Structures are given as C-alpha cells and as structure tokens.
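In my numbering, the protein residues as written are 2 to 80. One structure is given here, and the rest of the page talks about it.
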C-alpha cells in the first residue's frame with residue numbers, strides 16, 4: 002500500500018513534510034490536490050477534513066493531518 006502525501010503545490014507546511022520524508026529516505030507518492038477547499042473531496046474521503054498536508058501510511062493503517070504531527074511521525078516511525 003505504501004505512503005501517500007496529499008499536498009498543495011506552494012504550501013509551506015506541505016513542503017516541510019516533503020523535505021522530512023525525502024531526508025528520511027522514505028518512498029512515498031504525492032497526491033496533488035486542488036487549491037479550492039471545496040474541490041478536495043479525495044482528501045476529505047481519506048481524512049475526514051479538507052486541509053493539507055495529510056499523510057496516509059497504508060502499511061501501518063495510519064492517516065494523519067497537521068504538519069507537526071506528520072513530522073513527528075516521520076521522525077519517530079519512518080526515519
């Protein structure tokens with residue numbers, strides 16, 4: 002299943018998560034989302050909300066939002 006990151010191009014919080022995943026050597030796939038919150042139906046389907054970033058770790062059954070939570074997860078679990 003792997004790791005997916007739902008992100009918005011130009012979002013500084015998303016960039017922090019991208020950088021952390023790359024620095025940790027984590028293989029992941031980015032799902033780029035629409036700038037309009039109302040068009041982020043896929044993000045809402047997987048996380049229950051429309052904000053980004055959202056990280057989905059299918060192997061561990063983890064879905065999380067908020068960049069600080071994701072960064073902590075990357076550091077403590079994936080790195």
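We put the beta carbon where it would ideally sit given N, CA and C, even for glycine. All of these numbers come straight from a predicted model, not from anything done at the bench.
Checklist line | Top-ranked residue by Cα proximity to residue 18, from 56, 61, 52, 2 | finding: Ranked by how close their Cα comes to the Cα of residue 18, the residues 56, 61, 52, 2 have 56 in first place.
Notebook entry, point to check: Beta carbon of residue 3, beta carbon of residue 59: below 8 Å?
Noted result: In this structure, residue 3 sits near residue 59, with a CB-CB distance shorter than 8 Å.
Check: Going by other Cβ atoms of all chains shown within 10 Å of its Cβ, with 16 needed for buried, is residue 41 buried or exposed?
Finding: Buried, because 16 or more other Cβ atoms sit within 10 Å of the Cβ of residue 41.
Check: Going by DSSP, which residues form a beta bridge with residue 65?
Finding: The secondary-structure analysis by DSSP pairs residue 65 across a beta bridge with 56.
Notebook entry, point to check: Candidates 25, 30, 49, 33: which alpha carbon is nearest residue 66's?
Noted result: When C-alpha distances from residue 66 are compared across 25, 30, 49, 33, the shortest belongs to 49.
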